[in-house]
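Colleague:
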Amino acid sequence: MSKSKSVAWKWLLCGAAAVCAVSLCVGAPTANADYKSAWEQAEQELKEETAKYNQIKNEKSKAEQQKQSLENQKSIITSQVNEAIDQINQKNSEIAIQQQAIADKQVEIDNRWSDFQNRMQAMQVMHDSGAVAMITSAQSIYDLLTYSDTLQQIAKKDTEVLEDMNAQKAELQQEEEKLEQDKAELEAAKQSLESKQAQLAAIIQQQNETISQKEAEAQAQQEVVAAKQAKADEAEKQYEAWVKSQATVGSGQCAEGFRWPLPIAGRVTTEFGASQNINGVISTGHSGMDVAAPAGTPIYAAHDGTISTTTGHWTYGNVVMVDNGDGVSTLYAHMSSIAVRVGQSVKQGDVIGYVGSTGNSTGNHLHFEVRINGVRQNPRNYVSP
Ligand SMILES: [Zn+2]
27 MSKSKSVAWK WLLCGAAAVC AVSLCVGAPT ANADYKSAWE QAEQELKEET AKYNQIKNEK
87 SKAEQQKQSL ENQKSIITSQ VNEAIDQINQ KNSEIAIQQQ AIADKQVEID NRWSDFQNRM
147 QAMQVMHDSG AVAMITSAQS IYDLLTYSDT LQQIAKKDTE VLEDMNAQKA ELQQEEEKLE
207 QDKAELEAAK QSLESKQAQL AAIIQQQNET ISQKEAEAQA QQEVVAAKQA KADEAEKQYE
267 AWVKSQATVG SGQCAEGFRW PLPIAGRVTT EFGASQNING VISTGHSGMD VAAPAGTPIY
327 AAHDGTISTT TGHWTYGNVV MVDNGDGVST LYAHMSSIAV RVGQSVKQGD VIGYVGSTGN
387 STGNHLHFEV RINGVRQNPR NYVSP
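Going from the sequence shown to this note's numbering is simple: count from 1 and add 26.
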């Protein structure tokens, strides 16, 4: 902290006129350090509100997933209900066939019964008035006995057939009862499926309400995030204006003869000016060049100079800034650790820190910036892997 103060004093001495000019024009906060803390505060608020937004989005997508699973269950039950309806229809037609069979059997029984009655009546008539005629027409007593025996046998046969038919009818009726029972069971099952279906529909309705509520919340939160983003952008602009006013002013003539700041080529993941997505937040106009490299890879000073800043910062993480003189400065961010002190002189190629993923970063990489008179330049114009 005391080192930072000494640099701040140096800046104040060098750039006093510029600071006064800025203060007069912008009507900015009283202390210079306020620009940085105001920006950090705004970024912190943006981060918190973005996290809330993501939380709401997560809740919404969870509700949507649950709804999907409920819809799946409902469609399974619907197909089960349809299957039950088919089976009930099937039972109904089986019952109709059965009822027809019973009716047919009844007709058979009735016909047979009326034949039987006719025969019995004929026998009765014969018994009452035709006995003498039968006796006379009979050739012998043997004939007569046989005749009577035959009649008895016919009667017996008729009775057997009728009994048999009645038994068949009873069996058909039993079968129909069984069919009716099956149908009743199917209808009960169908009813229970339908009540499940109704329950699911009610839950899905609730889920729809939750989803639209979350959607409304997400929209409202998106506005909050946008406002915070605008505030953070404005705070950053003011901070940058302040940094620019503090930076050594020069011709930028010594902005040549840089070396690649790593011992390996690494992999350039984001170019200067590109858009990037960090933890779901899209930002445009990337301020430097991102080079992916393993954690702990040494970071070299790209040029001779004096360490002007070593600090922990929420976006940059562990960051080192080197004042290379003549208005030129270089910045190295997201370090796992810093190897230099403010005010220290470094030669090109000196280790100033190690690759890490501190600050607002999603993986181990070096964020490298080149600034001339505080204005960020495309590092590609100065270094190549
Ligand atoms: Zn970067």
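Where is the CB? At the ideal position from N, CA and C, for every residue including glycine.
Just so it is clear, the structure is predicted and the values come from calculations on it, not from any experiment.
I want to check one thing, is the minimum distance from the CB of HIS329 to the heavy atoms of ligand 1 below 7 Å?
Modeller: The answer is no for HIS329.
Colleague: Ligand 1: which residues have Cβ under 6 Å from any of its heavy atoms, chain order?
Modeller: THR296, HIS312, GLY314, ASP316 and HIS393
Colleague: Taking the Cβ atom as the reference point for each residue, do MET315 and GLY343 lie within a distance shorter than 8 Å?
Modeller: Using a Cβ distance threshold of 8 Å, MET315 and GLY343 do not count as a contacting pair.
Colleague: Start and end of the beta strand (DSSP E) containing GLN302?
Modeller: 302-304
Colleague: Count the other C-beta atoms from every protein chain shown that fall within 10 angstroms of the C-beta of SER334, then say buried if there are 16 or more, exposed otherwise.
Modeller: buried
Colleague: Do the stretch 204-220 and the stretch 68-78 meet, that is, are 3 or more Cβ pairs less than 8 Å apart?
Modeller: Per the Cβ contact rule, the stretch 204-220 is not in contact with the stretch 68-78 (fewer than 3 Cβ pairs under 8 Å).
Colleague: Keeping to the same chain, check which residues put their C-beta closer than 7 Å to that of SER371; ignore five residues upstream and five downstream.
Modeller: Around SER371, the same chain offers THR332 as residues with beta carbons nearer than 7 Å, after the five sequence neighbours per side are excluded.
Colleague: On the criterion of 16 or more Cβ atoms from any shown chain inside 10 Å, does ASP349 qualify as buried, or is it exposed?
Modeller: buried
Colleague: For the beta strand (DSSP E) that contains THR341, what are its first and last residues?
Modeller: Segment: none, THR341 is in no beta strand (DSSP E) and carries neither H nor E.
Colleague: How is the beta strand (DSSP E) around GLN421 delimited, first residue to last?
Modeller: Beyond the ends of the chain as shown, which are 27 and 411, falls residue 421; an answer cannot be given.
Colleague: What residues in its chain sit with their C-beta under 8 Å from that of LYS93, if we drop five residues either side in the sequence?
Modeller: ILE230, GLN233, ASN234 and ILE237
Colleague: Leaving out five residues before and five after VAL377 in sequence, what residues of the same chain have Cβ atoms less than 6 Å from its Cβ?
Modeller: Within its own chain, the residues whose Cβ lies closer than 6 Å to the Cβ of VAL377, once the five positions on either side in sequence are excluded, are PRO324 and ALA365, listed in chain order.
Colleague: Compare the beta carbon distance of ASN390 and THR341 with 8 Å and say whether it is the shorter of the two.
Modeller: Taking 8 Å as the Cβ cut-off, ASN390 and THR341 do not qualify as a contacting pair.
Colleague: Let me know if ARG367 comes out buried or exposed under the rule of 16 or more other beta-carbons within 10 Å of its beta-carbon.
Modeller: exposed
Colleague: Can you have a look at GLY338 and say buried or exposed, based on whether 16 or more other CB atoms are within 10 angstroms of its CB?
Modeller: With fewer than 16 Cβ atoms within 10 Å of its Cβ, GLY338 is classed as exposed.
Colleague: Taking the beta carbon of VAL396 as the centre, do at least 16 other beta carbons fall within 10 Å, making it buried, or is it exposed?
Modeller: buried
Colleague: Would you call SER95 buried or exposed, if buried means 16 or more other Cβ atoms sit within 10 Å of its Cβ?
Modeller: exposed
Colleague: Quickly, what does DSSP pair GLU243 with across the bridge? List them, please.
Modeller: According to DSSP, which records beta bridges pairwise, GLU243 is partnered with nothing at all.
Colleague: Based on Cα-Cα distance, which residue from GLU197, HIS393 and GLN81 lies nearest to GLU241?
Modeller: GLN81
Colleague: Looking at C-beta atoms only, is the number of pairs between the stretch 103-116 and the stretch 243-259 that lie closer than 8 Å three or more?
Modeller: no
Colleague: State the Cα-Cα distance for the pair ASP208 and ASP190, rounded to the nearest angstrom.
Modeller: 27 Å
Colleague: Can you have a look at LYS263 and say buried or exposed, based on whether 16 or more other CB atoms are within 10 angstroms of its CB?
Modeller: Counting Cβ neighbours within 10 Å, LYS263 comes out exposed, since fewer than 16 surround it.
Colleague: Can you give me the C-alpha to C-alpha distance between VAL381 and GLU90, rounded to a whole angstrom?
Modeller: 41 Å
Colleague: Strictly by DSSP, which residues pair up with GLU484?
Modeller: Absent from the structure is residue 484, since the part of the chain shown begins at 27 and ends at 411.
Colleague: Just to confirm my understanding: we take SER277, look at its own chain, exclude 5 residues before and 5 after, and list those with CB closer than 7 Å. What are they?
Modeller: Excluding sequence neighbours, SER277 sits near ASP352 and GLY353.
Colleague: Compute the beta-carbon to beta-carbon distance between ARG402 and SER301, rounded to the nearest angstrom, for a pair I have assumed lies under 8 Å.
Modeller: Contact between ARG402 and SER301 does not hold, since their C-beta atoms are separated by about 16 Å, which reaches or exceeds 8 Å.
Colleague: Is it right to say SER355 is buried, meaning 16 or more other beta carbons lie within 10 angstroms of its own, or is it exposed?
Modeller: buried
Colleague: Between ALA359 and GLN225, what straight-line distance do the alpha-carbon atoms span, to the nearest angstrom?
Modeller: 56 Å
Colleague: State buried or exposed for GLN200, treating a residue as buried only when at least 16 other CB atoms are found within 10 Å of its CB.
Modeller: exposed
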